[in-house]
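The next block holds one structure in the form of structure tokens; read it before the comments.
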Amino acid sequence: MKKIDIIVPCYNEGEVVNLFYCAAKNVTDKITDYEIHYIFIDDGSTDNTLNKLLILSAADDNVDYISFSRNFGKEAAMYAGLQNSTGDMAVIMDADLQHPPELIPQMIEGIEEGYDCTAACRATRDGDSKLRVALTNRFYKLVNKISEVDMPNGAGEFRMMNRKMINAVLAMSEVQRFSKGIFSWVGFKTKWIAFDDVERAAGETKWNFWKLFLYAVDGITAFSTAPLRLASVLGSIISASAFIYLIYIILKTIIVGKDFPGYASVVTLILFIGGIIILTCGILGEYIAKIYMEVKRRPIYLVGNTSLNSSNEDNKDEG
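Residue numbers are given in our numbering: position 133 of the sequence shown equals residue 129, and the series is strictly consecutive.
Okay, structure coming up:
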């Protein structure tokens, strides 16, 4: 019998863990052709999430958990789940029930049809504000235009992958991870399933505007060098403009005589050029920071406690 691992990252999800488990079990108990195993990842939660996972793991032999030593982020949690997965297939989904468990049977059908991955794509965003929807749409248009990967608008981490694709994703072991881009970059045959937006079952979202902005920056810089090229183009344009303006001033002085430029124009030029320099330094800094984090070779996550057996200990320590 083939095995499916359901990987569930959790950060302060104590209010919804049991709700998720019950909803998912109602679906997976009807799947008789596969062995279903749950791997919950406690991403350094400060509420009672870990206690709830301890109870679930003790009550159900098909439930395991990994608890990080601190909060390492959702990307690290997903990587840890995949790294500790031993199933023929793995599903990544959120604990807040915004990823409907009812789609799991459809995902299995997609894999059985010969696809390497069956991914869910949000068809609506009724739960998001108009501003967030507009910015999200602009992000996907921008990243698809300037990067080498194609990320469909509405695509997320909710997907089922076969072992071939799981191994490909794990082979990309960079510390600064952007899974949406990684899933697209590795390729493989993917079937898309559209689903309507679902509200959280309980609790509050951990993603505010600032975190989403930083996540978008990570996505752009992780899979595109376009910002660096933009910095080079801006520098070239400004340098050429400055040279042309210098020639203009020299010719004007020779023809008209000594000129006294206005204070406002000088200050405007200084502020404009200074702003471009700072922007360029910031873009370079983003890429240098990523290089800095990668070359230190720090682990993606550290395990504080886990119910998984010792056979996977080497993998977890090397996360």
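Quick reminder that beta carbons are idealized off the backbone N, C-alpha and C, glycines included. On a predicted model such as this, the values are computed, not experimentally measured, just so you know.
field: Beta-carbon contacts of Ala72 that lie in its chain and below 8 angstroms, excluding the five residues immediately before and after
entry: For the purposes of this step, residue 72 is taken as the residue at position 76 of the sequence shown. These residues qualify, in order along the chain: Asp39, Phe64, Arg173, Ile296, Tyr297, Gly315.
query: In whole angstroms, what separates the C-alpha of Glu170 from that of Glu290?
result: The residue you call residue 170 lines up with position 174 of the sequence shown. The residue you call residue 290 lines up with position 294 of the sequence shown. Whole-angstrom Cα-Cα distance: 7 angstroms.
Collapsed DSSP secondary structure at Tyr297 in the structure displayed: By 1-based counting over the sequence shown, the position of residue 297 is 301. In this structure, Tyr297 counts as coil in the three-state DSSP scheme.
task: Label Asn158 either buried or exposed according to how many other C-beta atoms from any shown protein chain fall within 10 Å of its C-beta, with 16 as the threshold for buried.
output: Residue mapping note: residue 158 aligns to position 162 of the sequence shown, counting from 1. The residue is buried, with at least 16 neighbouring Cβ atoms inside 10 Å.
- request: Thinking Ile279 and Ala227 are a contact (beta carbons under 8 angstroms), I'd like their distance in whole angstroms, please.
  value: Reading the sequence shown from its first residue, position 283 is the one you call residue 279. Reading the sequence shown from its first residue, position 231 is the one you call residue 227. Rounded, the Cβ-Cβ distance is 5 angstroms, consistent with contact.
- request: Following the continuous beta strand (DSSP E) through Val316, name the residue where it begins and the one where it ends.
  value: Missing from the structure shown is residue 316; the chain here goes from -3 to 315 and no further.
task: Determine the direct distance from the alpha carbon of Asp1 to that of Ile32, and round the result to whole angstroms.
output: Within the sequence shown, residue 32 is the residue found at index 36, counting from 1. Within the sequence shown, residue 1 is the residue found at index 5, counting from 1. So the alpha carbons of these two residues sit roughly 6 angstroms apart.
query: Excluding the five sequence neighbours on either side, which residues of its own chain have a C-beta within less than 6 angstroms of the C-beta of Val59, listed in chain order?
result: By one-based count along the sequence shown, residue 59 stands at place 63. Taken in chain order, the residues that qualify are Tyr34, Leu52, Ser53.
- prompt: For Gly69, which residues from the same chain have a beta carbon less than 8 angstroms from its beta carbon, with the 5 sequence-adjacent residues on both sides left out?
  reply: For the purposes of this step, residue 69 is taken as the residue at position 73 of the sequence shown. Asp39.
query: By a C-beta neighbour count over all protein chains shown, 10 Å radius and 16 as the cutoff for buried, is Ser307 buried or exposed?
result: Here the question's residue 307 lines up with position 311 in the sequence shown. Model confidence at Ser307 stands at a pLDDT of 38, short of 50, so the residue's coordinates are unreliable and nothing is read from them.
- request: Give the single residue among Leu247, Val299, Glu282 whose Cα lies nearest to the Cα of Ala222.
  value: For the purposes of this step, residue 222 is taken as the residue at position 226 of the sequence shown. The residue with the shortest Cα to Cα distance from Ala222 is Glu282.
- prompt: From the DSSP output, which residues share a beta bridge with Lys187?
  reply: Reading the sequence shown from its first residue, position 191 is the one you call residue 187. Bridge partners of Lys187: Thr114.
- prompt: Nearest CA to the CA of Val145: which residue from Ala285, Leu46, Phe36, Val182?
  reply: Position 149 of the sequence shown holds residue 145. The shortest C-alpha separation from Val145 is found at Val182.
field: Spatial distance of Tyr7 from Leu15 (CA atoms)
entry: Along the sequence shown, read from residue 1 onward, the residue named residue 7 stands at position 11. Along the sequence shown, read from residue 1 onward, the residue named residue 15 stands at position 19. In a straight line, the C-alpha of Tyr7 is about 15 angstroms away from that of Leu15.
- prompt: For Leu35, which of helix, strand or coil comes out of DSSP?
  reply: Within the sequence shown, residue 35 is the residue found at index 39, counting from 1. The displayed chain sequence assigns Ile, not Leu, to residue 35. Reduced to three states, the DSSP call for Ile35 is strand.
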